[in-house]
Amino acid sequence: LSKFKRVGIEISIESMGPQNAYVRQGTDTDKVLKNIELYKSWCNDSNITIAIRTAPGLLSIGGYTDLLRYSLQNKFIVKSNMVSNPQYLDVVVLPPHIKAQYLPAFDQLLDELATVNTAADYNASDPNNVLQVIKEQVTQCRTALLTPQPSDADQQLDQLVQQCKKWDQVYKLN
413 LSKFKRVGIE ISIESMGPQN AYVRQGTDTD KVLKNIELYK SWCNDSNITI AIRTAPGLLS
473 IGGYTDLLRY SLQNKFIVKS NMVSNPQYLD VVVLPPHIKA QYLPAFDQLL DELATVNTAA
533 DYNASDPNNV LQVIKEQVTQ CRTALLTPQP SDADQQLDQL VQQCKKWDQV YKLN
């Protein structure tokens, strides 16, 4: 691998816990984490790096700070797109009392990253900018958690339940 100018290993994972296997059905989370450790052994923090690809949404936002901390500890870039479609998976649809449960973990992580400057331009793919990238992730998630529910949130949540029930039958999950 080191003969290439730059190799970025990209891994898709939503959380460190069991919800990862639910959100990314068919995934063996323990195996993904073991593979990340294997890939990490190949990295040299310059031209061979790991990027964590995520799509934070309603089903994974509760454990997302654990994944962000893991990425911080390992100096992994995080490249994400917040889920907005289907709308019933958008974080903003969550009931206020659930958002309030998740918010303190994001607030704490944001406090820990308070001195990190995200105002200046930076290359979000550069492993030297992990702190900025993760602070932006935290800010983006906090914004979603602080956004009021849409007027049709109850219908969206009903759709979510129906969709989950459908897939639970297919994959023998609950």
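Numbering follows my numbering, with no gaps: position 122 of the sequence shown is 534.
Where a beta carbon is used, it is the ideal one built from N, C-alpha and C, also for glycine.
Beta-ladder partner(s) of residue i, from DSSP
i, result
"K491", "R465"
"I460", "V419"
Run of the alpha helix (DSSP H) containing residue i, from where it starts to where it stops
i, result
"S424", "It is not in any alpha helix (DSSP H) - S424 instead sits in the beta strand (DSSP E) that spans V419 to S424."
"Y451", "T441 to W454"
"T559", "From DSSP, T559 is part of no alpha helix (DSSP H); its letter is neither H nor E."
"S483", "Y476 to N486"
"Q431", "Q431 to V435"
Nonlocal neighbours in the same chain, by C-beta distance under 7 angstroms from residue i, ignoring five residues either side
i, result
"D566", "none"
"K511", "L557"
"F518", "T477, V550, C553, R554 and L557"
"T439", "N432 and A433"
Own chain, CB closer than 6 angstroms to residue i, minus 5 neighbours either side, in chain order
i, result
"Y451", "I421 and I462"
"L521", "T477 and V550"
"Q581", "none"
"T441", "N432 and A433"
Chain-order list of residues whose beta-carbon lies under 8 angstroms from that of residue i (same chain, five-residue window excluded)
i, result
"L525", "L543, I546, K547 and V550"
"S483", "I464, I489, V490, V542 and I546"
CB contact check: residue i to chain C, cutoff 8 angstroms
i, result
"N541", "Structure shown: chain C not included; a single protein chain is present."
Please confirm if the segment 491-501 is in contact with the segment 438-447, defined as three or more CB-CB distances below 8 angstroms between the two stretches.
no
Does the segment 417-431 touch the segment 460-474, meaning 3 or more C-beta pairs lie closer than 8 angstroms?
yes
What are the start and end residues of each continuous beta strand (DSSP E) run of 3 or more residues lying completely inside the segment 509-552, in chain order?
none
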